[in-house]
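> Handing you this structure, nothing more for now.
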Amino acid sequence: MLEIKNLHVHFGVIHAIKGISLTVNDGEIVTLIGANGAGKTTTLRTISGLKKPTEGAIIFDGKDITNLTAQERVALGISHVPEGRRVFSSMTVLENLELGAYLRKDKDGIARDLEMVFERFPILAKRKKQAAGTLSGGEQQMLAMGRALMSRPKLLCLDEPSMGLAPLLVQEIFDIIKDINEKGTTVLLVEQNANMALQIAHRAYVMETGKITLSGTGKELLQSDEVKKAYLGG
1 MLEIKNLHVH
11 FGVIHAIKGI
21 SLTVNDGEIV
31 TLIGANGAGK
41 TTTLRTISGL
51 KKPTEGAIIF
61 DGKDITNLTA
71 QERVALGISH
81 VPEGRRVFSS
91 MTVLENLELG
101 AYLRKDKDGI
111 ARDLEMVFER
121 FPILAKRKKQ
131 AAGTLSGGEQ
141 QMLAMGRALM
151 SRPKLLCLDE
161 PSMGLAPLLV
171 QEIFDIIKDI
181 NEKGTTVLLV
191 EQNANMALQI
201 AHRAYVMETG
211 KITLSGTGKE
221 LLQSDEVKKA
231 YLGG
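Following full-length UniProt numbering from start to finish, the sequence shown increments by one per residue and tops out at 234.
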């Protein structure tokens with residue numbers, strides 16, 4: 001579904017991504033783990049069109065999307081939940097969700113998907129007329145994920161969904177990610193909670209200073225001494 005070939009990204013003179021290649025197959029959860037500043041967020045932003053690469057190619061569903069705009073990528077089926085949630089705080093929960101479907105014209109489909117989001121996140125149904133900025137961190141994360149699902153993505157890119165959440169909520173968010181995947185959406189997950197991410201991932205890549213240093217199945221990397229020492233506190 002997604003293939004990245006020899007991707008390089010610069011911020012001025014800083015070489016942030018140094019020739020990485022990775023694949024995400026249809027139906028998978030693939031996770032990128034690594035320390036702060038490893039290049040994980042930059043990789044996601046480049047995939048979703050928020051950052052231009054200086055070299056390399058991004059192939060999605062067999063099509064080269066390297067030079068497409070972020071909006072064109074949403075239309076093709078890529079949706080991005082950014083780090084820090086980025087909900088529209090002065091707008092209601094319902095308005096945030098409706099914005100997720102801004103490229104769609106199928107009113108009946110949008111109404112059905114709204115119901116689906118409210119079924120998956122019952123708290124959002126209770127809070128639908130509330131300003132998004134008044135929600136708790138966990139509720140805002142659910143809203144950001146619900147908003148992304150409103151575009152009916154083939155690939156959902158999640159950037160640090162568990163950041164700043166209480167442990168009980170972290171478990172709930174990971175259960176939701178697994179459920180979204182099992183219902184047919186492919187997931188690319190950037191996450192500092194390596195232990196939780198590797199437990200639900202089919203495959204994983206370890207990033208260090210803009211390079212991929214290790215890859216394997218989630219189970220393989222959970223057992224890796226290198227990964228245990230660096231990311232799992234073992």
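The beta carbon of each residue, even a glycine, is placed where N, CA and C say it ideally should be.
It should be emphasised that the depicted structure is a prediction, and the values quoted were computed from it without experimental measurement.
Would you say L198 and T31 are within 8 Å of each other, going by their C-beta atoms?
Yes, they are a contact pair.
> So K211 is in the beta strand (DSSP E); what residue range does that whole segment cover?
Segment 211 to 217, the beta strand (DSSP E) holding K211.
> Which of the three DSSP states is assigned to G184 in this structure?
Reduced to three states, the DSSP call for G184 is coil.
> What residues in its chain sit with their C-beta under 6 Å from that of residue 242, if we drop five residues either side in the sequence?
With the chain covering only 1 through 234, there is no way to say anything about residue 242.
> Which residue comes first and which comes last in the beta strand (DSSP E) that contains F60?
Counting along the chain, the beta strand (DSSP E) containing F60 begins and ends at 55 to 60.
> Which residue comes first and which comes last in the alpha helix (DSSP H) that contains M207?
Run containing M207: none in the alpha helix (DSSP H); it sits in the beta strand (DSSP E), 203 to 208.
> Using only the alpha-carbon positions, how far apart do M116 and I14 sit?
So the two alpha carbons sit approximately 43 Å from each other.
> Can you tell me the Cα-Cα spacing of K126 and G210, whole angstroms?
About 42 Å.
> Please give me, in chain order, every unbroken run of the beta strand (DSSP E) with length at least 3 that falls completely inside the segment 131 to 194.
Counting whole runs of 3 or more residues, the segment 131 to 194 contains the beta strand (DSSP E) stretches 155 to 159, 186 to 190.
> Out of E139, L103, L7, which one is the CA nearest neighbour of R86?
Nearest of E139, L103, L7 to R86, Cα basis: E139.
> Could you say which of P161, T186, G233, A166 lies nearest to F174 if we only look at CA atoms?
Ranking the options by Cα distance to F174, first place goes to P161.
> By DSSP, does I65 sit in helix, in strand, or in coil?
Note: I65 maps to coil in three-state DSSP.
> Pick from L97, L68, V93, F121: whose alpha carbon is nearest that of D179?
Nearest C-alpha to D179: F121.
> Excluding sequence positions up to five away, which residues of its chain have a Cβ less than 7 Å from the Cβ of N193?
S162, V170.
> Tell me whether E220 sits in a helix, a strand or coil according to DSSP, three-state version.
In this structure, E220 counts as helix in the three-state DSSP scheme.
> What span of residues does the alpha helix (DSSP H) with V227 cover, start to end?
225 to 231 is the span of the alpha helix (DSSP H), which, as asked, contains V227.
> For the alpha helix (DSSP H) that contains N6, what are its first and last residues?
No alpha helix (DSSP H) contains N6, which is instead part of the beta strand (DSSP E) from 2 to 11.
> In angstroms, rounded to a whole number, what distance separates the CA positions of I17 and G56?
Each residue's alpha carbon lies about 11 Å from the other.
> Measure the C-alpha to C-alpha separation of E119 and L50 and round it to an integer number of angstroms.
So the two alpha carbons sit approximately 31 Å from each other.
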